[in-house]
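A.B. asks:
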Amino acid sequence: MTDLIEVRVSNLIGAPLDWAVAMAEGFGTDPESRTTIWRTRSDPTSVSVRGAAEGFGYRPSSSWEQGGPLIEKHQASLSHDRYLSGGPCGYSAGPLNSTWLSGPTPLVAFCRALVHAKLGPIVQVPKELIP
Numbered sequence: 017m018t019d020l021i022e023v024r025v026s027n028l029i030g031a032p033l034d035w036a037v038a039m040a041e042g043f044g045t046d047p048e049s050r051t052t053i054w055r056t057r058s059d060p061t062s063v064s065v066r067g068a069a070e071g072f073g074y075r076p077s078s079s080w081e082q083g084g085p086l087i088e089k090h091q092a093s094l095s096h097d098r099y100l101s102g103g104p105c106g107y108s109a110g111p112l113n114s115t116w117l118s119g120p121t122p123l124v125a126f127c128r129a130l131v132h133a134k135l136g137p138i139v140q141v142p143k144e145l146i147p
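Each residue of the sequence shown is one higher than the last, beginning at 17 in this note's numbering.
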């Protein structure tokens, strides 16, 4: 069994964020390896640091093909934020009638907000997913 650690949702990115989205969306986990997830037993996939970096597995925070339908499903809104002081640009997003959170991309901002709305401001994620 994988050890879990607590992380603030507003700090999640990459594989830990993708795993938290899977949990918020009702995916199941393999009892032997929490990083193997499935929507149904016949459709397993995984969340991993390597998968997030190399583009395979469940990665709604970086894949529009996976994250885009979630934005529509949850009737989310997105906003491009510009800091007037000349700082970096970012994004804010949130599901309908929920708290908005920010992120460096629209998908990261939305995924953070979705996890926050469904699981709260602090979540437990598998330790091995933290880079």
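Using N, Cα and C, we set each Cβ at its ideal position, and we do this for glycine too.
(1) Tell me, please, which residues DSSP counts as bridged to Ile138.
(2) Go ahead and pull the three-state DSSP assignment for His132.
(3) In chain order, what residues of the same chain have a beta carbon less than 6 Å from the beta carbon of Ser108, not counting five sequence neighbours either side?
(4) If you compare alpha carbons, which of Gln91, Pro32 and Arg24 is closest to Ile146?
(5) Expressed to the nearest angstrom, what Euclidean distance is found between the alpha-carbon atoms of Ile138 and Asp34?
(6) Quick one: what does DSSP say Asp97 is sitting in, helix, strand or coil?
(7) Could you check where the beta strand (DSSP E) with Gly106 kicks off and where it finishes?
C.D. replies: Based on what the coordinates show:
(1) Arg24
(2) helix
(3) Ser95, Asp97, Trp116, Ser118 and Ala125
(4) Pro32
(5) 15 Å
(6) strand
(7) Annotation: the continuous beta strand (DSSP E) that includes Gly106 extends over Gly106 to Gly110.
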